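Only one structure is covered here, and it is reproduced in the block below.
There are 2 protein chains.
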Amino acid sequence: MVVSKGNQSATTRQLLLETAERLFALHGIAAVSNRQISRAAGQGNNYAVGHHFGDKVGLIRAILESHNSRIDEIRARVLAEIGYIAGVREWIDCLIRPEIEHLAALDGPSYYARFCAHLAADPEIGYLLYDSVAVSQSLTEVLTGFYRVLPAMPKPVMDTRLTMSQHMVIHAMADVERTMDGPGAAQSVAAHSWSQHCDMIVDATVGLWLAPNTSRDVR
Amino acid sequence: MVVSKGNQSATTRQLLLETAERLFALHGIAAVSNRQISRAAGQGNNYAVGHHFGDKVGLIRAILESHNSRIDEIRARVLAEIGYIAGVREWIDCLIRPEIEHLAALDGPSYYARFCAHLAADPEIGYLLYDSVAVSQSLTEVLTGFYRVLPAMPKPVMDTRLTMSQHMVIHAMADVERTMDGPGAAQSVAAHSWSQHCDMIVDATVGLWLAPNTSRDVR
Chain A
1 MVVSKGNQSA TTRQLLLETA ERLFALHGIA AVSNRQISRA AGQGNNYAVG
51 HHFGDKVGLI RAILESHNSR IDEIRARVLA EIGYIAGVRE WIDCLIRPEI
101 EHLAALDGPS YYARFCAHLA ADPEIGYLLY DSVAVSQSLT EVLTGFYRVL
151 PAMPKPVMDT RLTMSQHMVI HAMADVERTM DGPGAAQSVA AHSWSQHCDM
201 IVDATVGLWL APNTSRDVR
Chain B
1 MVVSKGNQSA TTRQLLLETA ERLFALHGIA AVSNRQISRA AGQGNNYAVG
51 HHFGDKVGLI RAILESHNSR IDEIRARVLA EIGYIAGVRE WIDCLIRPEI
101 EHLAALDGPS YYARFCAHLA ADPEIGYLLY DSVAVSQSLT EVLTGFYRVL
151 PAMPKPVMDT RLTMSQHMVI HAMADVERTM DGPGAAQSVA AHSWSQHCDM
201 IVDATVGLWL APNTSRDVR
């Protein structure tokens, strides 16, 4: 079989993407160098990452893009299915389920949830995670719907709950992924499907958002 | 003034501890080497960290210990004040408030919450965070009280909520700390005190734990 130069390049690029995602997921983003990724992907050229992606930021954007288009498709479908009288639970489900459905559909063990958790926690490049979805039309629609049905609460309470729920959901997905990938975590977690985990995560997130605000002096 | 050799060593040790905590908080744990810490602490000897703490794990344990005894004291006091008919909210407050009160009492900007958030997310040494409090008598009492008043729920739901609330609280504290330390975050967050943030975090955590479990097939 003759592999054209263009095809070979695309294959190498995809291999580097998958290798980088796995190494970042397992060891953290700061702990892995472009050189290590090139080597682990079997590239004789230590600068393969630089050649294909420019720098680490370019590589990370490419990893995010490689998942976001598929997540976006699922979100658009879930959004189309949502009823006219959707409440807080339905909108939160619409925020969480697309990524989980995407993770569940990947072949073999997934690494993307752990990659996202490391990225979100990175003080220098964590913003890339939120940048990458800022352009999503379906996400904007879901967030608009969600904010419309939320009970009134002071802005600082809302801001706090927003970042808390983001952290919580990102790390919950990473925990589930880790558990499914190997030993060491609670068996009661490993024994359930992604869809069941999604239900549990949505329940807890709904509770967080609907919790009464007792801090009377916060405005 | 004559500084004895022992005193000087203790001063250097303390300086290394504080420098390491700050650098880890700002850049992440994997991104900072022992050598960088020694240098930033003004130690001519690049191996000062090794000399005082052995390795990175020893250093991290020492940072945790330097806070935990004080947090433990506050927790014992909060625990003594808790009423006989404490409910879920009171126990959660007792789990969250001691660390926040400790952070609020530190001189100048604190870095400990961000340090803990990075540590918790570290795939290799994250366990040190939980190890360090496993010996706390007051924490064991608070957890016992908390579990006693929780509504019944299937074990996987409980396990999921436990890790979700841990991630959420650790990162919420880190977010507040980051906001208080500088520009860039929501003004509505920066304008409030640690105690008000504590109220907001407790409210959301109570909501998470009291949320109805809708996943009927999870056991």
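Protein sequence lines, in the order shown, are assigned to chains A and B. Numbering-wise, the first sequence is residues 1 to 219 according to full-length UniProt numbering. Numbering-wise, the second sequence is residues 1 to 219 according to full-length UniProt numbering. Where a beta carbon is used, it is the ideal one built from N, C-alpha and C, also for glycine. Only a predicted model underlies this, so the values are computations on that prediction, with no experimental measurement involved.
According to DSSP, is residue i helix, strand or coil?
i: B/Tyr147; result: helix
i: B/Val133; result: helix
i: B/Pro156; result: helix
i: A/Leu208; result: helix
i: B/Tyr47; result: coil
i: A/Pro98; result: helix
i: A/Gly83; result: coil
i: B/Arg39; result: helix
i: B/Arg219; result: coil
i: B/His192; result: coil
i: B/Ala30; result: coil
i: B/Glu65; result: helix
i: A/Glu124; result: coil
i: B/Ser110; result: coil
i: B/Asn213; result: coil
i: B/Asp203; result: helix
i: A/Gly54; result: coil
i: A/Gly182; result: coil
Can you give me the C-alpha to C-alpha distance between residue i and residue j, rounded to a whole angstrom?
i: B/Pro154; j: A/Ser66; result: 36 Å
i: B/Leu208; j: A/Tyr47; result: 46 Å
i: B/Pro151; j: B/Gly87; result: 10 Å
i: A/Gln166; j: B/Ser136; result: 30 Å
i: B/Thr144; j: B/Asp107; result: 33 Å
i: B/Asp181; j: B/Arg22; result: 12 Å
i: B/Arg75; j: B/Ser138; result: 6 Å
i: A/Leu162; j: A/Ala121; result: 15 Å
i: B/Trp91; j: B/Asp199; result: 13 Å
i: A/Ser110; j: A/Leu17; result: 13 Å
i: B/His27; j: B/Ile37; result: 12 Å
i: A/Ala134; j: A/Arg35; result: 30 Å
i: A/Ile29; j: A/His118; result: 6 Å
i: B/Val49; j: B/Arg178; result: 26 Å
i: B/Arg39; j: B/Gly6; result: 21 Å
i: A/Leu128; j: B/Gly83; result: 46 Å
i: A/Asn45; j: B/Pro123; result: 29 Å
i: A/Asp217; j: B/Ser193; result: 11 Å
i: B/Val78; j: A/Glu99; result: 40 Å
i: A/Leu210; j: B/Leu210; result: 10 Å
i: B/Asp55; j: B/Leu95; result: 31 Å
Applying the criterion that 16 or more other CB atoms from any shown protein chain within 10 Å of the CB defines a buried residue, is residue i buried or exposed?
i: A/Pro212; result: exposed
i: B/Gln8; result: exposed
i: B/Asp93; result: buried
i: B/Ala174; result: buried
i: A/Glu81; result: exposed
i: A/Thr11; result: exposed
i: A/Ala191; result: exposed
i: A/Ala105; result: exposed
i: A/Val32; result: buried
i: B/Ile85; result: exposed
i: B/Tyr147; result: exposed
i: A/Thr140; result: exposed
i: B/Tyr112; result: buried
i: B/Arg97; result: buried
Restricting to Cα atoms, I'd like to know which of the options is closest to residue i.
i: B/Ile63; options: B/Ala191, B/Thr205, B/Gln14; result: B/Gln14
i: A/Arg70; options: A/Val57, A/Ala120, A/Tyr111, A/His102; result: A/His102
i: A/Val157; options: A/Arg39, A/Ser38, A/Arg219; result: A/Arg219
i: A/Cys116; options: A/Val78, A/Tyr147, A/Asn68; result: A/Asn68
i: A/Ile125; options: A/Gln43, A/Gly58, A/Arg97; result: A/Gly58
i: B/Val206; options: B/Glu177, B/Val169, B/Ser195, B/Gln43; result: B/Val169
i: A/Asp159; options: B/Ala172, B/Phe53, B/Gly83; result: B/Ala172
i: B/Met164; options: A/Ser132, A/Asp203, A/Leu128, A/Ser195; result: A/Asp203
i: B/Arg89; options: B/Val142, B/Gly44, B/Arg178; result: B/Val142
i: A/Ser132; options: A/Asp72, A/Val49, A/Trp194, A/Phe24; result: A/Asp72
i: A/Arg114; options: A/Phe24, A/Gly83, A/Gly42; result: A/Phe24
i: A/Ser195; options: B/Ser215, B/Asp55, B/Tyr130; result: B/Ser215
i: A/Phe53; options: A/Ala20, A/Tyr130, A/Ala40, A/Gly83; result: A/Ala20
i: B/His197; options: B/Leu79, B/Val176, B/Ala41; result: B/Val176
i: B/Tyr130; options: B/Arg61, B/Asp55, B/Ala41, B/Gln43; result: B/Arg61
Please indicate yes or no: does the CB of residue i lie closer than 7 Å to some heavy atom of the ligand SAH?
i: B/Arg216; result: This structure simply doesn't include the ligand SAH, nor any ligand for that matter.
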